[in-house]
Amino acid sequence: MADKYTALAYYYDALGEHMDYREYAKFVHRYNKEYGKGKSGIALDLACGTGSMALELDSLGYDTIGVDGSPEMLDVAREKSEGREILYLCQDMRELDLYGTVDIVTCTLDSLNYLTSTKELSAVFALVNNFLEEGGLFIFDLNTEYKFKNIYGNNSYVFEDQGVFCTWQNEYVEKSGKCKFCVSVFEEDDDGRYMRTDEYHVEKCHKEKTVEKELKKCGFEIIGVFSDFDGSPVAPDAPRVFYVARNLLPKKEFVQE
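In our numbering, the protein residues as written are 26 to 282.
Next up, the structure:
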């Protein structure tokens, strides 16, 4: 069994869930101008993956830092970002450690669902608060309970692209709110044979009330919770929810429990 996002990293953009990162970055920039620092300062993309969001933030004028725990994903990000001045750091989000503070933090494509307990979620919120300037925004998304039950569930999916074939088997346990994913990647060799690599992933459903409670506990004011970039309220069947939160507390006043 391989580590998360090793073999899959090189096919992530082709096989992964579609996200319009350009519109996402515009959404971030719009809220930053209205509710945040109001400038294209330093942006941190937490769990940046292959760098798609980091590239869009860079294009909008932000001095961008990308942090991810997968060296393979960062290899792809650096290749995609060649010629750009984007700093990529290999760090687990639960151990975030920067040289200074940033003006805005993003965390996209349900990366925070990989935190499998409320304690871990709160710890990451506290770290973001620590490295985020007072008045800076933290913008992120999470998969909803609806998605865990109705889209993930115990379903199987198959993805295919040139030279690669991927199967994705889900096992959702409603009591724990966790979904296990067994991912098998079949890569084609030069001689036409396919080599198999298995990866194992776990995501947890963090309910909206829990997320809001932990954000407030960690010194954030919630600006809005949406189901899309147009500011739509969260619908019962929304697969994803977007949070915009603002850091209110000066560093000396905040103490994590």
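Idealized CB from N, CA, C, for every residue including glycine.
About 16 Å separates the CB atoms of K203 and V236; that is not less than 8 Å, and the two are not in contact.
Per DSSP, S77 is one residue of the alpha helix (DSSP H) stretching across 77-84. About 5 Å separates the CB atoms of M78 and T133; that is less than 8 Å, so the two are in contact. According to the DSSP assignment, F190 belongs to no alpha helix (DSSP H) but to the beta strand (DSSP E) extending over 189-198. Comparing C-alpha distances from D255 to each of A32, L33, R55 shows the shortest one belongs to R55.
About 6 Å separates the beta carbon of F165 from that of L137, a gap short enough to meet the 8 Å contact definition. Here K229 is near T141, since their CB atoms are less than 7 Å apart.
DSSP places M98 in the uninterrupted alpha helix (DSSP H) bounded by 96-105.
DSSP places S201 outside both helix and strand once states are collapsed to three, so it counts as coil.
If you compare the alpha carbons of V183, T131, Y60, G61 with that of Y49, the shortest gap goes to T131.
Of the residues N168, Y139, L80, V198, the one whose Cα lies closest to the Cα of Y113 is L80. In chain order, F163, L240, F245, I247 place their CB closer than 6 Å to the CB of A270, counting only its own chain and leaving out the 5 sequence neighbours on each side. In the three-state reduction of the DSSP assignment, S136 falls in the helix class, which pools H, G and I. Distance check between L33 and each of V250, K242, G188, V259 places G188 closest, using alpha-carbon atoms only.
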